[in-house]
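Asker:
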Ligand code: ADP
Ligand code: MG
């Protein structure tokens, strides 16, 4: 039996005052609390309503348009609010049948109350929307109030003054009209729903009143609202189209804490996981199960496996936050399965996204303030790293990222936030994602005789933020080539079983979820600590003794701790043992040997990543600068003769071409200038 609006109001009054019991009315108490706290929203658990009156709850789900205002009206009456106070009853926790995936929203849901979940991709500015428009008749000055209950602005047809009754003109009197806050947000499917590189579907949501500006881009939200439709714009011939665009008129919005835990594991799963973890070779087993279709690259597979587990962020006493996520960069020749590895991780990770350096949205990798095409107003849009918050962002061809991203990605990698202040929008968004990136060398192929910084289009400051960098080269080597070819051929024949991994992708994913859920506080044992200390000090000392470059800095020590913790987690242990550290040191040395080796001297040099130039070259630059300075002094500070600079450099075994390159660079940076043609002078002195 259907109730009319008045009956619904009465039922809700009873619900507030007598559910579950007159002596203990749950919602009456919440209403009293609303008064004290000055809140204007009452949140109703839909389960309670079902329990109180099943038919009423059904009617609300099926015909919300007609009666959704009634619970709010009843709220006003129970609250004892004056007529123009805005109070809203909001519903949360709809039954599972009404929880719809954004992708599955269809015509049957139109004008129904539904619940959707998604990540906020874009938030518009908060604007005033008129709900009661007061007009004045220009002929007789009569005021006419028109309620604005749809998205199309309504104006009076005739004057309501019987003595006038003419049809205008009317002007809007803004001071007497009533406005509420209005905001449009776009939500998209959660990353975990987008397995296999599907593009996200997006839903427009209209938010009003006190719940505007609650959600930020990157937040995971649960929205309850009515699915509305708006007829699409006119066709070329002037008529309207038969298709409609859809949007959700939001009744309630809840921001969910992102946790891996909402992915359910069965008891069976847990048993299996514990069994797997008891194998002393668990780390090897997981590594060997990563991307089984790719041959070799064992250390890369190990590194990305560690990334799946990662560590927990630490908040220090002074409030600084140290990230627990590791960032990994794969650099290398084309066709060495870099993209393949990224795609595999995107498939296996509990929460991840796969994107190219350019990003798939207008916001690119980080975030951007965007002007909305239709409304012309500004909106804040989340980029890939914000959407991948609490997961892994697989960024292919990261060297192709936009200049805006280049300037904000440093903050995203270290502080794991993205701050934006533009066009009046100021926000700090969370971007707690691990980055797994791939980059191609500038000149197509990697040249192992040149420092990394010179070969890829990424700043040394950015490179130094990666915990591990691997170089994958495609050097022909007969024995390897044969093995890879055999491996690929196997994949394409019915021998597939022979390369079956120990753990399938589902098992790895579940294992990672379980370990992140159960292993929270990871500590280093004394022996593990000592081993790290010993390693750090010995390597630093090596540099000192030989007066060679500094091979390791505090940042790398943090990386080693992070990775060791991830390895403990992989074993389902919260204690980092000395074996974990030992293993990670090996992996780390493997990465460092590839990227930090000075091609001229063979010494390992972390600064090379920072400055993009090995010490042997940095030394030469210092020599050239000294030559300029000395010659300048000899010439009574009138500048060094350029030809003499080349001559003296040659005497120091520095080639003319290198000297020319360095002089050009120094001139460009402003460290050297030409007081006269053919003369050079240092700016610094
Ligand atoms: P990249 O992104 O490095 O340019 P891709 O990931 O697109 O390379 O790989 C190119 C192709 O070569 C893929 O189909 C990949 O499976 C294959 N391939 C390259 N190296 C290997 C390998 N070591 N084992 C198996 N397949 C490989
Ligand atoms: Mg590629």
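Residue numbers (the UniProt record's numbering): 1 to 685.
The C-beta atom is built at its ideal place from N, Cα and C for all residues, glycine as well.
Taking the alpha-carbon positions, what's the residue 26 to residue 559 distance?
Answerer: C-alpha separation (whole angstroms): 51 Å.
Asker: Look at the alpha carbon of residue 112 and the alpha carbon of residue 126, and state the distance between them as a whole number of angstroms.
Answerer: For residue 112 and residue 126, the distance between alpha carbons rounds to 26 Å.
Asker: Compute the Euclidean distance between the alpha carbons of residue 160 and residue 169, then round it to the nearest angstrom.
Answerer: 13 Å
Asker: Where do the N-terminal and C-terminal ends of the beta strand (DSSP E) with residue 118 fall, by residue?
Answerer: 113-124
Asker: Identify which residue in 180, 591, 570 has its Cα closest to the Cα of residue 287.
Answerer: 570
Asker: Once you ignore the five residues that flank residue 229 on each side, which residues in its own chain have a CB closer than 6 Å to its CB?
Answerer: 110, 244, 246
Asker: If you follow the beta strand (DSSP E) that residue 470 is in, where does it begin and where does it stop?
Answerer: 468-472
Asker: Quick one: is the Cβ of residue 438 within less than 8 Å of any heavy atom of the ligand MG?
Answerer: yes
Asker: Between the segment 115-130 and the segment 74-90, do three or more beta carbon pairs fall short of 8 Å?
Answerer: Cβ pair count under 8 Å is below three, so no.
Asker: Which same chain residues end up closer than 6 Å to residue 179 when comparing Cβ atoms and leaving out the 5 residues on each side of it in sequence?
Answerer: Sequence-distant partners of residue 179 (beyond 5 residues in either direction) whose C-beta falls short of 6 Å from its own C-beta, in its chain, are 128, 130.
Asker: Less than 8 Å between C-beta atoms, sequence neighbours within five positions excluded: which residues of the same chain meet that for residue 645?
Answerer: Counting only Cβ-Cβ distances below 8 Å, and skipping sequence neighbours, we find 624, 627, 628, 631, 659, 663, 680.
Asker: I need the boundaries of the alpha helix (DSSP H) containing residue 48, first residue and last residue.
Answerer: 46-52
Asker: Nearest by alpha-carbon distance to residue 225: which of 249, 219, 38, 214 is it?
Answerer: 249
Asker: Taking the alpha carbon of residue 2 as the point to measure from, which residue in 576, 490, 665, 66 has its own alpha carbon closest?
Answerer: 66
Asker: What would DSSP say about residue 64, mapped onto helix, strand or coil?
Answerer: Helix, per DSSP.
Asker: What are the uninterrupted segments assigned as alpha helix (DSSP H) that are 4 or more residues long and contained completely in the segment 290-355, given in chain order?
Answerer: If we require 4 residues or more, the alpha helix (DSSP H) runs fully inside the segment 290-355 come out as 298-309, 338-348.
Asker: Just to confirm, are residue 191 and residue 353 a CB contact at a threshold of 9 Å?
Answerer: yes
Asker: Would you say residue 347 touches the ligand ADP, meaning its beta carbon is less than 8 Å from a heavy atom?
Answerer: No - the ligand ADP has no heavy atom lying nearer than 8 Å to the Cβ of residue 347.
Asker: With H, G and I counted as helix, E and B as strand and the rest as coil, what does DSSP make of residue 203?
Answerer: The answer is strand: DSSP assigns residue 203 an E or B state.
Asker: DSSP on residue 73, reduced to helix/strand/coil?
Answerer: helix
Asker: Using C-beta distances below 7 Å, list every residue in its chain close to residue 575, excluding the 5 sequence neighbours before and after it, in chain order.
Answerer: The answer, listed in chain order, is 523, 525, 568.
Asker: Rounded to whole angstroms, what is the Cα-Cα separation between residue 685 and residue 213?
Answerer: The predicted position of residue 685 is uncertain, since its pLDDT is 48 and thus under 50; no value can be drawn from it.
Asker: For the beta strand (DSSP E) containing residue 188, name the first residue and the last one.
Answerer: 178-188
Asker: Rounding to the nearest angstrom, what Cα-Cα distance links residue 172 and residue 47 in this structure?
Answerer: 44 Å
Asker: If you draw a straight line from the C-alpha of residue 326 to the C-alpha of residue 487, how long is it?
Answerer: 30 Å
Asker: Would you kindly work out how many angstroms separate the C-alpha atoms of residue 330 and residue 90, rounded to a whole number?
Answerer: 49 Å
Asker: Contact between the segment 54-68 and the segment 2-18: three or more CB pairs below 8 Å?
Answerer: Contact check between the segment 54-68 and the segment 2-18: three or more CB pairs, one atom from each, fall below 8 Å, which counts as touching.
Asker: Check whether the Cβ atoms of residue 53 and residue 20 lie closer than 9 Å to each other.
Answerer: no
Asker: Grab the span of the alpha helix (DSSP H) containing residue 463 for me, first residue to last.
Answerer: Looking at the DSSP string, the run of the alpha helix (DSSP H) that includes residue 463 is 460-463.
Asker: On a Cα-Cα basis, can you pick out the residue from 397, 421, 485, 461 that is closest to residue 444?
Answerer: 397
Asker: Taking the beta carbon of residue 380 as the centre, do at least 16 other beta carbons fall within 10 Å, making it buried, or is it exposed?
Answerer: buried
Asker: Pick helix, strand or coil for residue 687, following the three-state DSSP scheme.
Answerer: Absent from the structure is residue 687, since the part of the chain shown begins at 1 and ends at 685.
Asker: Just to confirm, does residue 53 get its C-beta within under 8 Å of one of the non-hydrogen atoms of the ligand MG?
Answerer: Residue 53: no, Cβ never under 8 Å from the ligand MG.
Asker: Buried or exposed for residue 580, please, with buried defined as at least 16 other CB atoms from any protein chain shown within 10 angstroms of its CB.
Answerer: Flag for residue 580 reads buried.
Asker: If you measure between the beta carbons of residue 209 and residue 184, is that distance less than 9 Å?
Answerer: Contact flag unset, no.
Asker: Spatial neighbours of residue 348 within its chain, please: C-beta separation below 6 Å, excluding the five flanking residues on both sides.
Answerer: 505, 508, 509
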